[in-house]
């Protein structure tokens with residue numbers, strides 16, 4: 001029996017075939033990117049690529065699907081290895097910093113780019129590139145009690161004031177809500193070609209159209 005039985009019964013065979021071949025590049029494998037990648041892989045997506053040059057630290061363990069024994073390893077590679085062991089998923093990885101010089105190479109061939117980076121500089125590079133190339137791109141981001149999942153044409157890159165700060169407030173429940181929302185928006189886009197934007201606030205447990 002396939003591990004995808006429940007998903008297949010819910011989505012249909014035709015939709016599962018689409019998910020198997022649809023090419024998605026996830027930028028970032030931190031709180032959002034790693035969980036989005038795992039969620040998509042376990043839902044039947046078979047053509048995934050992850051870009052991230054960061055290594056795992058202890059403070060990542062509460063919101064990211066890594067283990068103490070993984071500390072020090074490249075996030076993208078550890079994630080790919082873990083999902084291969086778990087379900088046989090073959091996820092391509094790039095442990096490189098995305099820059100204005102290599103963005104075209106790293107994002108080449110993706111049907112959809114998912115921006116889950118934690119810094120404004122990288123988000124700006126992705127936003128500019130996907131705008132210029134007219135490439136489908138979905139941005140997923142967090143800030144304290146708030147999260148947003150916004151398509152590129154409606155997206156505004158946030159201020160870089162709080163970039164790269166390790167001790168920012170972040171609740172795991174907000175991460176999981178945002179990941180689930182992002183993944184369902186992706187699937188609905190593939191099935192219906194409709195692009196939906198959402199904002200999420202944890203304290204009032206609200207998911208709203210943007």
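Residue numbers (UniProt numbering): 1 to 210.
Beta carbons: idealized from backbone N, C-alpha and C, even for Gly.
Whole-number beta carbon distance between residue j and residue i, since they are thought to touch under 8 Å
i           : j           : result
residue 32  : residue 116 : 4 Å
residue 39  : residue 179 : 6 Å
residue 145 : residue 197 : Actually they are not in contact, since the Cβ atoms of residue 145 and residue 197 sit about 18 Å apart, beyond 8 Å.
residue 150 : residue 210 : 6 Å
Sequence-distant residues of the same chain with beta carbon closer than 6 Å to residue i, five excluded per side
i           : result
residue 92  : 49
residue 118 : 30
residue 139 : 115, 150 and 155
residue 175 : 31 and 63
residue 46  : 20
residue 221 : Coverage of the chain is limited to positions 1 through 210, which leaves residue 221 absent and any answer about it impossible.
Close Cβ partners of residue i (< 8 Å) along its chain, the five nearest in sequence each way excluded
i           : result
residue 120 : 157, 158, 159, 160 and 163
residue 44  : 4, 7, 8, 11, 16, 19 and 20
residue 170 : 31, 63, 142 and 144
residue 123 : 115, 117, 139, 141, 157 and 158
residue 183 : 36, 39, 40 and 43
First through last residue of the beta strand (DSSP E) which encompasses residue i
i           : result
residue 47  : 47 to 51
residue 93  : 92 to 94
residue 55  : Note, residue 55: premise wrong, no beta strand (DSSP E); not H, not E.
residue 199 : 198 to 201
residue 207 : 206 to 209
residue 61  : Residue 61 -> no beta strand (DSSP E), and no H or E assigned at all.
residue 25  : 23 to 27
residue 112 : 112 to 115
Run of the alpha helix (DSSP H) containing residue i, from where it starts to where it stops
i           : result
residue 82  : 75 to 87
residue 11  : 5 to 11
residue 106 : 103 to 107
residue 37  : 31 to 42
Sequence-distant residues of its chain with Cβ nearer than 7 Å to residue i (five each side left out)
i           : result
residue 195 : 151 and 189
residue 173 : 202
residue 83  : 38, 41, 89 and 91
residue 208 : 198 and 199
Residue-chain proximity (residue i, chain D), Cβ-Cβ < 8 Å
i           : result
residue 197 : The structure shown has no chain D; it contains just one protein chain.
Handout entry: Validate contact between the segment 123 to 138 and the segment 90 to 102 using beta carbons, cut 8 Å, 3 pairs
Key = yes
Practice task
Kindly provide the ranges of any alpha helix (DSSP H) runs that are 4 or more residues long and lie completely inside the segment 118 to 185, ordered along the chain.
Solution key: 120 to 133
Practice task
Answer yes if the segment 48 to 58 comes into contact with the segment 68 to 83, meaning at least three C-beta pairs across the two stretches below 8 Å, and no otherwise.
Solution key: yes
Exercise for the section: Answer yes if the segment 107 to 116 comes into contact with the segment 53 to 72, meaning at least three C-beta pairs across the two stretches below 8 Å, and no otherwise. Expected result: no
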